[in-house]
């Protein structure tokens, strides 16, 4: 995967994400975007969005597996909290 991927979510989920990371929930895998704008659009479907940066390069180096779907979405089973940070760059806004 690229060094950095993005995940858009609603602000109300941040506390749980900070504690548990990104989990797949009812989906088969966690969905990640290659760009912050797409993540912003996805996150906005659930309320005011927050964009998270995913250190995908570091995750991959630590043996986490990634897949890329036919539509360009990056997939993984779980993103631990240590690989996440809130994107405050306003790139997607």
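In our numbering, the protein residues as written are 38 to 130.
Built from N, CA and C at the ideal position, the CB exists for glycine as well.
Check                                                                                     : Outcome
Straight-line gap, residue 183 to residue 124 (C-alpha atoms, nearest Å)                  : This structure gives no information on residue 183, because the portion of the chain shown stretches from 38 to 130.
First through last residue of the alpha helix (DSSP H) which encompasses residue 76       : 73-80
Contact set for residue 102: own chain, Cβ-Cβ below 8 Å, skip 5 residues either direction : 113, 114
Proximity of residue 110 and residue 58 at Cβ, strictly below 7 Å                         : no
Per DSSP, the bridge partner or partners of residue 44                                    : 89
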